[in-house]
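Single-structure report; data block below.
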Amino acid sequence: MLPKQDEQINIFLALYRKMLMARKFEEKVAQLYIQGYISGFCHLYIGQEAVVVGISSNITPQDSVITSYRDHAHMLILGVEPKFVMAELCGKITGCSRGKGGSMHMYSKEHNFYGGNGIVGAQVPIGAGLAFAHKYKKDSGVSIVYFGDGAANQGQVYESFNMTMLWNLPVVYVLENNRYAMGTAVDRSSGNNLKNRGDSFGIPTILVDGMDLFDVMEKSKEAIDYVRANKGPIIMHVDTYRYKGHSMSDPGTYRTREEIDNIKKTRDPIIQCKQRLIEEYNINQQELENISNEISELIEDIAKFAIESPFPDGKCLTEDIIL
Amino acid sequence: MKKVPVRIALRDAMAEEMRNDPNVFLMGEEVARYDGAYKVSQGLLAEFGEERVIDTPISECGFAGIGVGAAFSGLRPIVEFMTFNFAMQAIDHIINSAAKILYMSGGQINCPIVFRGPNSAPGKVAAQHSQCFASWYAHCPGLKVVSPYTSFEAKALLKSAIQDDNPVVFLEHEVLYGKQFDIPDEEISPIPLDKAIIMREGEDITIVAFSISVDYALEAAEILQEKYGISAEVINLISLRPIDQETIIKSVKKTGRIINVEEGWLSCGIGAEIVSIIIEKAFDYLDAPPIRISAADVPMPYAQNLEQLALPNAMKVVEQAKMIISK
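Taken in order, these protein sequences are the chains called D and S.
Residue numbers for the first sequence, in this note's numbering: 125 to 447.
Residue numbers for the second sequence, in this note's numbering: 206 to 532.
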């Protein structure tokens, strides 16, 4: 086997591991939610793992990332220790926001991750501002701005499209079309095709299969290279799917069980990746099983850490408000 | 000392801070080639160029958000709103994005940004362009809110605001832009953002005001002294969040009477806060009920006579002062 191919296999395995980590982490979150350790609004990323994992494989440390409230997987994939994310979800002092942010307000300045934003669409101009800063500082970084099909109908998204195009800012807009804005299907919320939304601003759009890790990797490389070459903003329209409810309190009345099962069966990003690793790269099943078991064990430790950590001291209430 | 209008003082503060720190930049509608809708940024484009003095499209929500994002990554944006009336389009970013970030992130991310522009009623522009937003912003933790009166305050406070590591809402007043005040010849250093200034000492009554209402208060104090022998102490609040409680309480302990003057509406206004502070912390020193003078409880009318009825002025302050002195 050529060394180059070896290297590539290692990369694929690492990404497979990350997807599995995101999946199992979120499954644990759901469990802890039901058990009462986690509460409030809690939005899971299950089904969409290939998107953040594929894109993150192409970003460099100087790039910045921002997303919506569906942010747990972003934290993990960017390299934040999962136990600090879980602790935050449990509202503990060991959490990444010292227990003050919760599910929707997670950040890692160290990894240039700026949230975590609870206001649908508000992360888009902020992400444009991160891009503004990259250009201002001439640090060659790009800003990766994730938003959903729901946010795609917020006016400030288009204000951002306009200004980033006008000022030639380095932004990759990642429109994660998971087909439902809460319970409203995209064909019931969007007057035109979301794939065309960049057209009137002259921003090119790349179409991506968000359930296929390899497609996300390839297309995001293209998008990031384009932006880093100072060609201005670009949109990745990512066709993806969320398996779980919008949040943990979702009645699920707006779609059928069959629809979800069908996608799980035919397009699941982890199953697809697994098959490809086995069939095209000769990875043996056992190795993948081992990875899975290893992650399951890790997740137990992570949950234990979160559950056993203390809540914030009362004095924390009035800290971190004004510098 | 030299006479300088508030407009120039603000401009000079921005220019000096932009010279001091390459991370400071100005963005907003008409701030560059037009030299500012009210000429506050006159000459800045020529000195600092288009990378640092940036004309935006008419997209308040969008460019406020862009400013916030830039501040998250360490730049120090000055975001000018043509008026704070338009900032309502952007208030989500001022409160939800800028003011709350330090807390939500457990102290990880701060937002060193200044949101500035004219606030309140510039005269004859009717309801949608004539609102005071002081109490709106003063309500929100995570913000510092200041409103200068003189040219010296404008310059020193704006320098402080730009240097501050927190989001600062900086409320100016269009009518004051052209008003000339004495300003020291030597270099002006930043001053604390949270300290009120006693503009005139007095014994009989405390008049609290900010921004242009300080004008009304000072004029009223003059009339009260000359015509009625009433000695009024005038406090220029400067900071609306936090409010300098100590200065107000100390004054009321001396005078026993207090009037607040503001161009905002009465309900839940700055005056409501001032009165609450006094009731809670200096109740025993009061010789008469506190008085709040504010805008009439209506959207601003256009007709000049109605507008005058709607806004506070010196004579309204004099009347109220006479009334509570007699109690």
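Backbone N, C-alpha and C define an ideal beta-carbon position, used for all residues, glycine too.
- Contact annotation for residue 346 of chain S against chain D: 445, 446 [CB-CB distance below 9 Å, chain order].
- If only uninterrupted beta strand (DSSP E) runs of at least 3 residues are considered, those enclosed by the region 433-457 of chain S are 437-441, 444-446.
- Residue 372 of chain S is a Cβ neighbour of residue 348 of chain S, given a cutoff of 7 Å.
- By the neighbour-count criterion, in which 16 or more other beta carbons inside 10 Å mark a residue as buried, residue 439 of chain D falls on the exposed side.
- The C-beta separation of residue 375 of chain S from residue 321 of chain S comes to about 4 Å, placing the pair in contact by the 8 Å criterion.
- Residue 497 of chain S is bridged by DSSP to S:465.
- Close to residue 371 of chain S, with beta-carbon spacing below 7 Å, are these residues of chain D in chain order: 446, 447.
- Residues of the region 374-399 of chain D that bring their beta carbon within less than 7 Å of a beta carbon in chain S are absent altogether.
- Residues of chain S whose Cβ lies closer than 7 Å to the Cβ of residue 134 of chain D do not exist; the shortest such Cβ separation is about 32 Å.
- DSSP places residue 233 of chain S in the uninterrupted beta strand (DSSP E) bounded by 229-233.
- Residue 321 of chain S is bridged by DSSP to S:285, S:375.
- Taking a C-beta distance under 7 Å as the contact criterion, residue 359 of chain S and residue 214 of chain S qualify as a contact pair.
- Between residue 298 of chain D and residue 357 of chain D, the CB-CB gap reaches or exceeds 7 Å.
- For residue 320 of chain D, the closest of D:213, D:301, D:160 by C-alpha to C-alpha distance is D:301.
- Annotation: residue 369 of chain S to residue 289 of chain S spans about 21 Å, alpha carbon to alpha carbon.
- For residue 349 of chain D, the uninterrupted alpha helix (DSSP H) segment begins and ends at 337-352.
- In this structure, DSSP gives residue 192 of chain D a state outside helix and strand, which the three-state scheme calls coil.
- Using a Cβ-Cβ cut-off of 7 Å, residue 289 of chain S does not count as an interface residue toward chain D, since no Cβ of chain D sits closer than that to its own.
- Boundaries of the beta strand (DSSP E) harbouring residue 404 of chain S: 402-405, taken from the DSSP string.
- Residue 301 of chain D sits in a strand when the DSSP states are folded into three classes.
- Cβ proximity to chain D below 9 Å picks out 305, 306, 307, 308, 309, 310, 311, 312, 313, 314, 315, 317 from the region 305-338 of chain S.
- Residues of the region 263-277 of chain S whose Cβ lies closer than 8 Å to any Cβ of chain D, in chain order: 264, 266, 267, 268, 269, 270, 271, 272, 273, 274, 275, 276, 277.
- Shown here, residue 412 of chain D sits in a helix according to DSSP, grouped into three states.
- Just measuring C-alpha positions, the residue of D:304, D:252, D:317 sitting nearest residue 290 of chain D is D:252.
- Assigned with DSSP and collapsed to three states, residue 210 of chain S falls in strand.
- Looking at D:160, D:174, D:427, the one whose alpha-carbon comes closest to that of residue 395 of chain D is D:174.
- The Cβ-Cβ distance between residue 354 of chain S and residue 416 of chain S falls below 7 Å.
- Identification of chain D residues near residue 226 of chain S by a Cβ-Cβ cut-off of 7 Å yields none; the smallest Cβ-Cβ distance measures about 13 Å.
- In this structure, the CA atom of residue 248 of chain S is about 9 Å from the CA atom of residue 241 of chain S.
- Secondary-structure assignment with DSSP links residue 267 of chain D through a beta bridge to D:188, D:295.
- Taking a contact to require three or more Cβ pairs closer than 8 Å, the region 335-354 of chain D and the region 175-187 of chain D qualify as touching.
- Counting of Cβ neighbours within 10 angstroms places residue 355 of chain D among the exposed residues, the total staying below 16.
- For residue 249 of chain D, the chain S residues whose C-beta falls within less than 8 Å of its own C-beta are 266, 267, 268, 269, 270, 271, 273, 274, 298, listed in chain order.
- Neighbours of residue 358 of chain D in chain S, taken as residues whose beta carbon is under 7 Å from its own, are absent, since the nearest beta carbon is some 18 Å off.
- Minimum Cα-Cα distance from residue 239 of chain D among the listed residues D:151, D:420, D:200, D:257 corresponds to D:200.
- As a beta-bridge residue in DSSP terms, residue 385 of chain S pairs with S:210.
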